[in-house]
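Note sheet for the following structure.
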């Protein structure tokens, strides 16, 4: 694949907000976990296809990737969307990006843990303890291509399927998040075993997660080369650590990964989602886009970042509490309006503070998108 | 019952740290959820007695309350402890308080929801939706006495059982935490339904939780009268809310509850545990003791509090990550030492940043207590 053969992205609002110097009048919007179980069309496809199969089959993965865009695409941009059974297409509910359908656990799976999706429980990995297979520096490129190339195919297929109508977002789990799943063997309510293992490991070797950084960076680069314009690094679980541990042992790795990606692909837009880390402003100097979970007030985060006097302030992304979508249309409109007031004249990508949830439905997403796009 | 008939507390270190003006040389210590499933003696008792029965039977509840103290009591203070089968008594591993064995869900249960403990799942309530039984202001005292008096009996029995050797801590769930359990019908990984319901309810009536405040205050007062010297208000779940919502809709209620308790029982020591609330320093002007979860750096919290220039700085309590106990003795010693350095010459009650966990064992608790009490 060569990025030169791709048609330019038609609705490049998201990219312009990230790349242009001055303000951009319109606010781009997408939703974390926008392809997923709140969509009946996703559930229909999943009913016939096992989770890991969907991830690994470029046709199925790209199909799921574009499902929310078909439903919420901009009418002007893609006539085909209007004719599809699930389409609810207007200019007012347009999604400005798709995110490739994949899983944060692709890397642990590539490293040899078996990944399955257990209904009602979520992803389950065969536990790796606190040690996992190491990939030597000279083998990283080959390893990533061999073991994770299916994700690049899914990115490429997604971009083709939407004729570059909107940007495709690629993503990877960040080192601590990967480690936490590897230790716990899946999701956890407390992540206590993961933290306990992390404390032990960093006492032995403060850099024990370093080898995984190149894998993550190379994995993001591969997705860029396959057609993803924005790459999001999900450090979703490290906010469970004490802030001072996060600061000392997690941030440097995030910084190195972003640097590695930007150095080899300067045009790639790199977004970092560190959810509820208590010192988000400390992360403001290296990614292009910085996600904000729902517990922080985005205006406070922005003020703290501005107080740093950086030469470049990252675009903020977020931070509507996903639970607002469950509380009714009126509440969604109110809260989005509050956010719009806070982020008026600021560079902002509207999004949730975390992912869409299975107990949601498309109508909630539609209200959110309309609230962002309309002049409330 | 009359507090005047109680013998004075013998080991009053915890009380002195809270009441005296100047610094106190020694650090008092206890552990949230110190009576619980990490103790074999607790499991032995629970094997023969259903959870709610243990809470409601003053003999059983007080037995469980004093179990960790028997195991980790100060040898000088209570000869009887030494002769008990579980005792591991030295001066170096002394617990400086017991906390009455009860549940945060006693109030929802009193309001008519049925509480059961489901193995492997935790407490389960019959769901109340987002509306719950209101208690009229004139009925609060009688309601609390009738429906929650069994907790007062447990406090009284606990104090008698230890001959006032150490202070007994009473506690209550705070309004949002109670509401969140009432809505979800038990624990939740995301608490999204609770937040969604909360947003709806505060839009209709910003003061909808106010009626519960007097119940909580009266419940704490009743525990004080029964012999508890410190009363801890657990607002464990409100940190899932956006900081600005917490600040506007949760803090005023906490403030009113503490004021009501302090006004009617000025001698009572009131502790507030707001876990990971992002603006802990904003809570510093009303409780005597302020708990700090494990994600905040306690030194940073203290510095922010001091920057407020209050006439009285609360005693801080916490903030060791409970997961440290799972990572081995060496790690416990290291981290407690770090904490002791941070809190040197400060008023501090050593504790975890959250509760003891079922996957722990008494040896971990013992190491923690020894680390606090020894001169590391």
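Residue numbers (the working numbering), protein chains in the order written: chain W, 1 to 376; chain D, 377 to 752.
Even for Gly, the Cβ is constructed at its ideal location relative to N, Cα and C.
Range of the contiguous alpha helix (DSSP H) that encloses residue i
| i | result |
| --- | --- |
| residue 54/W | 51-56 |
| residue 552/D | 551-560 |
| residue 656/D | Residue 656/D -> no alpha helix (DSSP H), and no H or E assigned at all. |
| residue 528/D | 516-537 |
| residue 424/D | No alpha helix (DSSP H) holds residue 424/D; DSSP gives it neither H nor E. |
| residue 236/W | From DSSP, residue 236/W is part of no alpha helix (DSSP H); its letter is neither H nor E. |
| residue 264/W | 251-264 |
| residue 571/D | 568-580 |
| residue 392/D | 389-395 |
| residue 381/D | Here residue 381/D belongs to no alpha helix (DSSP H), and DSSP marks it neither H nor E. |
| residue 705/D | 705-718 |
| residue 312/W | Counting along the chain, residue 312/W falls outside any alpha helix (DSSP H), and DSSP gives it neither H nor E. |
| residue 400/D | Looking at the DSSP string, residue 400/D is not in any alpha helix (DSSP H), and its letter there is neither H nor E. |
| residue 357/W | Here residue 357/W belongs to no alpha helix (DSSP H), and DSSP marks it neither H nor E. |
| residue 484/D | 482-486 |
Test item: CB-CB of residue i and residue j under 9 Å
| i | j | result |
| --- | --- | --- |
| residue 347/W | residue 315/W | yes |
| residue 545/D | residue 445/D | no |
| residue 115/W | residue 52/W | yes |
| residue 421/D | residue 725/D | no |
| residue 239/W | residue 189/W | no |
| residue 437/D | residue 534/D | yes |
| residue 627/D | residue 666/D | no |
| residue 226/W | residue 155/W | yes |
| residue 160/W | residue 50/W | no |
| residue 586/D | residue 632/D | yes |
| residue 654/D | residue 622/D | yes |
| residue 345/W | residue 23/W | yes |
| residue 481/D | residue 549/D | yes |
| residue 642/D | residue 412/D | no |
| residue 567/D | residue 128/W | no |
Own chain partners of residue i with C-beta closer than 7 Å, once the 5 adjacent residues on each side are dropped
| i | result |
| --- | --- |
| residue 261/W | 217, 220, 221, 231, 268 and 270 |
| residue 33/W | 355 and 356 |
| residue 569/D | 559 and 560 |
| residue 656/D | 650, 666, 668, 672 and 677 |
| residue 571/D | 616 and 617 |
Expected contact under 8 Å - CB spacing of residue i and residue j to nearest Å
| i | j | result |
| --- | --- | --- |
| residue 146/W | residue 58/W | About 16 Å separates the two Cβ atoms, so there is no contact after all. |
| residue 125/W | residue 181/W | 6 Å |
| residue 696/D | residue 712/D | 7 Å |
| residue 272/W | residue 235/W | 7 Å |
| residue 671/D | residue 175/W | The Cβ separation is near 19 Å, so there is no contact. |
| residue 428/W | residue 6/W | Outside the modelled stretch of chain W, which goes from 1 to 376, sits residue 428/W, for which no answer is possible. |
| residue 292/W | residue 353/W | 7 Å |
| residue 297/W | residue 620/D | 5 Å |
| residue 574/D | residue 555/D | 7 Å |
| residue 540/D | residue 386/D | 6 Å |
| residue 689/D | residue 682/D | 6 Å |
| residue 338/W | residue 579/D | Their Cβ separation, rounded to whole angstroms, is 12 Å, which puts residue 338/W and residue 579/D out of contact at 8 Å. |
Per DSSP, the bridge partner or partners of residue i
| i | result |
| --- | --- |
| residue 99/W | 169/W |
| residue 269/W | 230/W |
| residue 317/W | 291/W and 349/W |
| residue 498/D | 494/D |
| residue 29/W | 350/W |
Residue i: first and last residue of the uninterrupted beta strand (DSSP E) it sits in
| i | result |
| --- | --- |
| residue 116/W | 115-118 |
Contacts around residue i, its chain only, beta-carbon distance under 6 Å, and the 5 residues preceding and following it disregarded
| i | result |
| --- | --- |
| residue 634/D | 646, 662 and 663 |
| residue 150/W | 56 |
| residue 563/D | 498 |
| residue 475/D | 545 |
| residue 675/D | 718 |
| residue 97/W | 14, 30, 166, 167 and 169 |
| residue 214/W | 140 |
| residue 588/D | 551 |
| residue 333/W | 371 |
| residue 392/D | 400 |
Proximal chain C residues relative to residue i, where beta-carbon distance stays under 8 Å
| i | result |
| --- | --- |
| residue 252/W | Note that chain C does not occur in the displayed structure, where the protein chains are W and D. |
Contacting residues, own chain, Cβ-Cβ under 8 Å from residue i (five flanking each side not counted)
| i | result |
| --- | --- |
| residue 464/D | Residue confidence for residue 464/D is low, a pLDDT of 48 falling below 50, so the modelled location carries little weight; the figure read from the coordinates is stated next. Contacts found: 447, 448, 738 and 742. |
| residue 93/W | At residue 93/W the pLDDT is 48, less than 50, meaning the model places this residue with poor confidence; the figure from the coordinates comes in the next sentence. Cβ neighbours of residue 93/W beyond the five flanking positions: 72, 366, 369, 370 and 373. |
| residue 133/W | 111 and 112 |
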